[in-house]
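Numbering (our numbering), first residue to last: 22 to 293. Data block below; observations after.
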Amino acid sequence: MTAPADPPVPDPLVIGGRQFRSRLMTGTGKYPSLAAMQASLAASACEIVTVAVRRVQSQAPGHGGLMEAIDWQRIWMLPNTAGCATAEEAIRVARLGRELAKLAGQEDNTFVKLEVIPDSKHLLPDPIGTLQAAEQLVKEGFTVLPYINADPLLAQRLEQVGCATVMPLGSPIGSGQGIRNAANIALIIENATVPVVVDAGIGVPSEAAQAMEMGADALLINSAIALAGDPAAMARAMAMACEAGRTALHAGRLPVRPQARASSPLAGRVGS
Numbered sequence: 022m023t024a025p026a027d028p029p030v031p032d033p034l035v036i037g038g039r040q041f042r043s044r045l046m047t048g049t050g051k052y053p054s055l056a057a058m059q060a061s062l063a064a065s066a067c068e069i070v071t072v073a074v075r076r077v078q079s080q081a082p083g084h085g086g087l088m089e090a091i092d093w094q095r096i097w098m099l100p101n102t103a104g105c106a107t108a109e110e111a112i113r114v115a116r117l118g119r120e121l122a123k124l125a126g127q128e129d130n131t132f133v134k135l136e137v138i139p140d141s142k143h144l145l146p147d148p149i150g151t152l153q154a155a156e157q158l159v160k161e162g163f164t165v166l167p168y169i170n171a172d173p174l175l176a177q178r179l180e181q182v183g184c185a186t187v188m189p190l191g192s193p194i195g196s197g198q199g200i201r202n203a204a205n206i207a208l209i210i211e212n213a214t215v216p217v218v219v220d221a222g223i224g225v226p227s228e229a230a231q232a233m234e235m236g237a238d239a240l241l242i243n244s245a246i247a248l249a250g251d252p253a254a255m256a257r258a259m260a261m262a263c264e265a266g267r268t269a270l271h272a273g274r275l276p277v278r279p280q281a282r283a284s285s286p287l288a289g290r291v292g293s
């Protein structure tokens, strides 16, 4: 007997030919405990979780037992190259990330979140190194999700070399400054034919909704959830904001007008 097919996903997020219901990606770092991380992942209903390959391999604080703490049958692993300062380092770590995904039982997982960050103070990504690494990783069959500054020209170039998404920052990593690059992100969204994932800087749900209302396809939020007073509650709030922003985008907003317009018709009103 043939098993029934999975029901179609309404409004799916498609990356590298793979469909996801949730448009919120989350991370695994900075949580006060593994239990808090597990509760947050459940509350967010996310299906993609990014994992810092170097920190897992080195058993960095907070990462011991991480691989066993996540249900990899439900969650798709997004290995990332955090901690890499050059294209060469990022390529090596991406290859290790592919093996890490295999150890989790995801034999066909070729995803990598590409980060090339030589600037340890401001944590801004290197556009040249990112492009160089992306070109090589695409040639090796990776599904590349590059983390970049909100640079529309770089986003186009990365798409041209075969990246599966582009991931412009809203503001610097962990800053909680919100969407400081709205004009450039809007240009990236306007021109991209691959999903645009706003990554870094979102601090509160209203900023998450703003990014989705602008037309972003997805969000990656870690610090704002992990460092919240109640991470699980914030995770749920971010998930609701993500959905609300997406729904509002499709609904179509009220046009902005230079002056007031009465909500109620004036015709037929009772005279004084």
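Here a beta-carbon is modelled for each residue, glycine too, at the ideal position from N, C-alpha and C.
Those residues which DSSP pairs with residue i across a bridge
i: Ile-242; result: Thr-47
i: Ile-169; result: Pro-189
i: Ala-73; result: Asn-101
i: Gln-280; result: Gln-280 is not bridged to any residue.
i: Ile-36; result: Arg-39
i: Thr-341; result: Since the first residue shown for the chain is 22 and the last is 293, residue 341 is missing from the structure and cannot be characterised.
Among the options, the one whose alpha carbon lies nearest that of residue i
i: Cys-67; options: Gly-48, Leu-174 and Ala-73; result: Gly-48
i: Phe-41; options: Ile-69, Ala-60 and Gln-127; result: Ile-69
i: Leu-174; options: Gly-199, His-143, Gly-162 and Ile-206; result: Ile-206
i: Gly-266; options: Leu-275, Gln-231 and Arg-282; result: Gln-231
i: Gln-198; options: Val-225, Arg-178 and Ala-108; result: Val-225
i: Lys-142; options: Ala-111, Gly-195, Ala-283 and Trp-97; result: Gly-195
i: Ala-254; options: Ala-57, Ser-43 and Leu-45; result: Ala-57
i: Val-74; options: Leu-45, Arg-95 and Ile-112; result: Ile-112
Inter-residue CB distance, residue i and residue j (contact presumed, cutoff 8 Å)
i: Ile-242; j: Ala-229; result: 7 Å
i: Leu-87; j: Leu-62; result: Between Leu-62 and Leu-87 the Cβ distance is about 11 Å, and since that is not below 8 Å, they are no contact.
i: Gly-222; j: Ser-192; result: 3 Å
i: Lys-105; j: Val-72; result: In the sequence as presented, Lys is not what sits at residue 105; that position holds Cys. Going by Cβ atoms, the distance from Cys-105 to Val-72 rounds to 14 Å, so no, they are not a contact pair.
Inter-stretch contact at 8 Å, needing at least 3 Cβ pairs: the segment 117 to 137 / the segment 84 to 104: yes
Counting pairs of Cβ atoms below 8 Å between the segment 33 to 40 and the segment 243 to 252, do you hit three or more? no
Within the chosen definition, does the segment 157 to 168 reach the segment 180 to 191 through at least 3 CB pairs nearer than 8 Å? yes
Taking three-plus beta-carbon pairs below 8 Å as touching, is the segment 113 to 122 in contact with the segment 138 to 152? no
Quick check for students: name the residue ranges of the alpha helix (DSSP H) that lie wholly in the segment 193 to 263, counting only runs of 4 or more. 203 to 212, 226 to 235 and 244 to 247
Unbroken alpha helix (DSSP H) runs of length 4 or more, entirely within the segment 122 to 156: which are they? none
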